[in-house]
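Residue numbers (the UniProt record's numbering), protein chains in the order written: chain V, 1 to 649; chain U, 1 to 198. Heads up, the beta-carbon is just placed ideally off N, CA and C, and yes, glycines get one too.
Now the structure itself:
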């Protein structure tokens, strides 16, 4: 029995036992359901083995929404614990675990996949391509992310959650102070999904650089595709740093090396530096695609061209360069000295300039436009003021001398939530609503959508504005309780109310998906928003080959100009289309990664070796196999096009 | 699949072009990976704790041998790709085989070097310096090991299928990988060994 003791939870509570039961019951329900409805074959053929960028995008989307709720439950529990002084809902250990997993889940397993979901679905369509450059690799990216996310999530019920914060600073995250396997999960699960993200980066750079429709020069690309290109370049240059940092952290914990220890020449600050050399570019990996979504939504619903296209591109390029030069601002108080702090203060404040340019460009796009307030537009309009407040407080934090007052207080927590929620979450919800008809062939209910948008918009302000005040009054972040005499009670109670509003907003979104799936009209045009870019020029939902005839582009906003001038986007005629074959190998290989990760977490070396052989076996199989894909015949294309309501040519 | 006749075989299809570009981007990521290792090495170089320093454990002979062997293997794989472009399959296979053999020799010497370090009391767990030293060298060594298996798989395919757009594309990409490992080694040689022994 000694062998099994390692899998026990170090700090169990009734809630965790309840979660175990719930997880087991859900798993049984899924297995029974799939067997009863005979859907195993369907699931395997159509989803688990797919290499279609659209289906992979949808799987990313589902995972992101599930993880949003996992991270959201963590958030609600934190706010509930802090709502009143001297609360005993959670003890300090559980609180530590919950704020750690909240951060990791929201950043790595909610925001990242949400962004990659939209990139997967939209970018190939926007550039008029059939798929991404490496469809098989794309499937592997998804499954690695998914297995990493699952590995991280089982930490909750097997072995214990990480509890050293989402930044996992050493020496706190070392063996001495974090004895449970929780931090092993952190190191290894993020490593696995990070490899997937790196491959996504490579895949999309190659796709965008090489597979654009004829005539679409770089400066004629839609802004979302531009943002995807820049984001993926940042991914390729930032993620290897995280890979190395996590590998070193893993070795410190499993093999007793001295990278980040405090004795024998180890350097704990090395982790903080490496983490943020990746971590700050990561902030822009998250925000740039969000900017891209707004740059699609705002022109569409203002009926105007995007103001300042070139300056939009230039500011993104500048942001991407500056993003690598500001990492020290995350630890101004950790002893770099005045000169270093001043330099990083200035580079940090400099980022506000290109970001400000973008804000003004959106405002000028709105100026004198015929504005239609739809749900995506509502999110965009809520984004501009809230994000600006979050951004301006960021400039306050950037002043290193003043930062000694703000560092590690709720002021900081308020700041980054007020940029990341309107920045990323609003954008993803706007993008989700905007591209939903393209993905599924029906619209989400506008009334429910607007209710959710208002609740989330106001909820964000109610939840996070009070933290500015309690933070300046001295409430430290990650503190699991406080006494009544501090006077923080009222602010935390208001924040709790805001968190409830946010939760209701997200529940309405899910209800909206259910409601619209059931009742929304399927009889909608391919271009329901009267939009501007190429993805709206094909059918909804999109056929597997995307475009029957490759579009030819002459201007920016190609589809818009085509509608206005009655031009002809599709000049060729039907030809055979080459498509990649489905493959189960990405799924199987990622499953081996999951087992490998699990074995590493618990130092089960034999299992680790067996699963590593499995991983290399999959790579060998890929090297030796010959897969030339298949061709769709002209008749098949004609038939599909007619079934979808008339040929697009 | 349209085949462009004016291009070398490895560039002749659209997918081949994509593969090569994709691999260059991957090398960009690899540069960042090794750059991070080097940066960490420079930071931890003098943090030897109670363990030995670089000067005390580095010995010039195996290092010089490793360097010559790896640089030569980079040359022979270049010859291999040249033979491939001329369509001379046998010559190409021979050069690839020599390359992989040199790779094996390099790896053998590196394993010897590692056991020597452990003997001198510089194991992975000794100090910050030895941890980063063995991790940096080990990451490079693991890449070479991976390359050996990859190269064998490619030679098997060439033997079976001949020089096709697919197999030449794979061989060319493999040669990029091998040259890259060589470049990394030059940095290791200069900034780990020479700097450490000065």
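- Rounded to whole angstroms, the separation of the alpha carbons of residue 260 of chain V and residue 19 of chain U is 38 Å.
- Listed as beta-bridge partners of residue 476 of chain V by DSSP are V:409.
- If you draw a straight line from the Cα of residue 130 of chain U to the Cα of residue 114 of chain U, it is about 11 Å long.
- For the pair of segments examined, the region 573 to 593 of chain V was found not to touch the region 100 to 120 of chain U: the number of CB pairs separated by less than 8 Å stays below three.
- Residue 143 of chain U: member of the alpha helix (DSSP H) spanning 128 to 161, first to last residue.
- Residue 219 of chain V sits in a helix when the DSSP states are folded into three classes.
- Sequence-distant Cβ neighbours of residue 578 of chain V in its own chain, meaning closer than 7 Å and more than five residues away, are 629 and 631.
- For residue 526 of chain V, the closest Cβ of chain U is not nearer than 7 Å.
- One finds 265 in chain V with Cβ atoms closer than 7 Å to the Cβ of residue 129 of chain U, taken in chain order.
- Along the region 31 to 59 of chain U, the positions whose C-beta sits under 9 Å from a C-beta of chain V are 31, 32, 33, 34, 35, 36, 37, 39, 40, 43, 44, 46, 47, 48, 49, 50 and 51, read in chain order.
- In the DSSP assignment, residue 78 of chain V falls outside any beta strand (DSSP E) and within the unbroken alpha helix (DSSP H) covering 53 to 82.
- Taking the Cβ atoms as the reference, residue 522 of chain V lies roughly 47 Å from residue 468 of chain V, outside the contact range of under 8 Å.
- Taken through DSSP and simplified to helix, strand or coil, residue 199 of chain V comes out as helix.
- Contacts with chain V at 7 Å (Cβ-Cβ) do not include residue 91 of chain U.
- Looking at V:181, V:542, V:508 and V:245, the one whose alpha-carbon comes closest to that of residue 32 of chain U is V:245.
- The shortest C-alpha to C-alpha distance from residue 572 of chain V to any of V:173, V:494 and V:552 is the one to V:552.
- Using a Cβ-Cβ cut-off of 7 Å, residue 176 of chain U is close to nothing in chain V; its nearest Cβ partner there is about 14 Å away.
- Residue-level contact by beta carbon holds for residue 28 of chain U and chain V, with a gap shorter than 7 Å.
- Under the DSSP assignment, residue 325 of chain V falls outside any alpha helix (DSSP H); it carries neither an H nor an E label.
- Of the candidates V:459, V:491 and V:460, V:491 places its Cα closest to the Cα of residue 474 of chain V.
- Taking one beta carbon from each stretch, the region 316 to 335 of chain V and the region 216 to 235 of chain V have 3 or more pairs nearer than 8 Å; the two touch.
- Under the three-state reduction of DSSP output, residue 467 of chain V falls in the helix class.
- Here the alpha carbons of residue 152 of chain V and residue 125 of chain U stand approximately 27 Å from one another.
- Put simply, the CB of residue 167 of chain V is far from chain U, with every gap to its CB atoms at 7 Å or more.
- A distance below 8 Å between beta-carbons, with the five flanking residues on each side excluded, links residue 107 of chain U to the following residues of its chain, in chain order: 141, 144, 145 and 148.
- For the C-beta of residue 145 of chain V, not a single chain U residue is nearer than 8 Å; the gap to the nearest is close to 17 Å.
- Proximity of residue 22 of chain U to chain V, defined by a Cβ-Cβ separation below 7 Å, is satisfied.
- Proximity of residue 623 of chain V to chain U, defined by a Cβ-Cβ separation below 7 Å, is satisfied.
- Secondary structure of residue 417 of chain V (DSSP, three-state): helix.
- Residue contact check for residue 229 of chain V against chain U: no CB pair falls below 7 Å.
- Around the beta carbon of residue 8 of chain V, fewer than 16 other beta carbons lie within 10 angstroms, which makes this residue exposed.
- Closer than 7 Å at the C-beta level to chain V, one finds no residue of the region 60 to 85 of chain U.
- In terms of beta-carbon proximity, residue 171 of chain V stays away from the interface with chain U, with every pair separated by 7 Å or more.
- For residue 443 of chain V, the three-state secondary structure derived from DSSP is coil.
- Counting every other CB atom within 10 Å of its CB across the protein chains shown gives residue 529 of chain V a total of 16 or more, marking it as buried.
- Take residue 567 of chain V, set aside five residues on each side of it, and the residues of its chain with a beta-carbon closer than 7 Å to its own are 561, in chain order.
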